[in-house]
Amino acid sequence: MAKGKKKTLIIERRLENPCKNKAEKETKENNEMKKYEEQQRIDDLITNNVEDGLKVKYIEGKGRGVFADREFHKGQFVVEYHGDLLKIDDAKKREAQYAQDPTKGCYMYYFRYLNNSYCVDATTETGRLGRLINHRKNGNCQTKVHDINGIPHLILVASRDIKVEEELLYDYGDRSKEAIAAHPWLKD
């Protein structure tokens with residue numbers, strides 16, 4: 175160091191704002207509580223078979239479809255895709271049985287949850303509406319797995335805001351050559 179020059183030491187000290195930290199903690203706790211309450215609300219709707227805000231209409235050239243009877247906001251639970259929850263081996267056997275009868279439809283939805291493969295078979299008419307929601311590649315709903323006591327339930331949530339009288343639609347996801355040959359509308 176040259177003679178006569180002083181060495182300057184800069185110390186930066188950051189003070190934590192205890193009020194800010196407390197507010198952040200409270201916000202996080204409130205968000206966690208809201209998430210828990212929403213989880214419980216969806217649990218109740220599923221276990222009590224509540225399908226509020228939906229109605230079925232006949233669509234010329236398409237068949238039945240499900241329409242919103244009220245507004246749904248992005249991310250909001252719409253309906254459960256209800257049916258028999260099956261392991262893959264059992265699902266494949268059922269699917270083969272259904273293929274033997276060309277008059278019978280097949281409403282099977284395959285999915286993975288916690289490293290296991292499952293299928294919800296909603297082929298049997300039950301009056302539940304999730305099985306009647308039609309396909310569109312860029313629909314207004316999307317599937318999501320909802321866990322109730324370790325049991326996966328397949329639900330549909332709004333992928334965007336949905337208006338009253340709007341048809342509910344989601345992407346069935348199957349793009350195999352066989353599926354598209356049998357059901358060309360899967361391309362849409």
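Position one of the sequence shown corresponds to residue 175 (my numbering), numbered consecutively onward.
Ideal Cβ positions, reconstructed from N, Cα and C, are used throughout, including at glycine.
Residue nearest to residue i in terms of C-alpha spacing, selected from the options
i	options	result
Leu364	Glu245, Ala270, Gly347, Tyr281	What is shown of the chain runs 175 to 362, which leaves residue 364 out entirely.
Glu299	Asn204, Lys278, Lys231, Glu269	Lys278
Gln213	Lys318, Lys337, Ile336	Lys318
Gly249	Val224, Ile216, Glu200, Ala273	Ile216
Glu254	Lys311, Cys293, Val224, Glu339	Val224
Ile322	Glu206, Met207, Lys208, Ile220	Ile220
Arg305	Glu211, Lys209, Arg238	Arg238
Gly324	Tyr287, Tyr210, Lys236	Tyr287
Cβ separation of residue i and residue j, assumed to be a contact under 8 Å, to the nearest whole Å
i	j	result
Gly364	Ala296	It is not possible to answer for residue 364, since the shown part of the chain is limited to 175 through 362.
Lys229	Asp243	5 Å
His320	His309	Rounded, the Cβ-Cβ distance is 21 Å, inconsistent with contact.
Phe241	Glu339	6 Å
Chain-order list of residues whose beta-carbon lies under 7 Å from that of residue i (same chain, five-residue window excluded)
i	result
Cys315	Val252, Ile307, Leu330, Val331, Ala332, Ser333, Leu342, Leu343, Tyr344
Glu269	Cys280, Met282
Neighbourhood of residue i by C-beta, 8 Å cutoff - its chain only, sequence neighbours within 5 removed
i	result
Ile363	With the chain represented from 175 up to 362, any question about residue 363 goes unanswered, as that position is not in the structure.
Pro276	none
Lys337	Ala242, Glu245
Leu260	Arg268, Tyr292, Cys293, Val294, Asp295
Counted within 10 angstroms of its Cβ, other Cβ atoms place residue i as buried (16 or more) or exposed
i	result
Gly313	buried
Ala265	buried
Close Cβ partners of residue i (< 6 Å) along its chain, the five nearest in sequence each way excluded
i	result
Asp335	His247, Lys248
Ile233	Gly239
Tyr272	Lys278, Cys280
Asp218	none
Output the residue ranges of the alpha helix (DSSP H) runs that lie fully inside the segment 194 to 240 and measure 4 residues or longer, sorted by chain position. none
Would you list, in sequence order, the uninterrupted beta strand (DSSP E) runs of no fewer than 3 residues that lie entirely inside the segment 272 to 317? The segment 272 to 317 contains these whole beta strand (DSSP E) runs: 282 to 287, 290 to 295.
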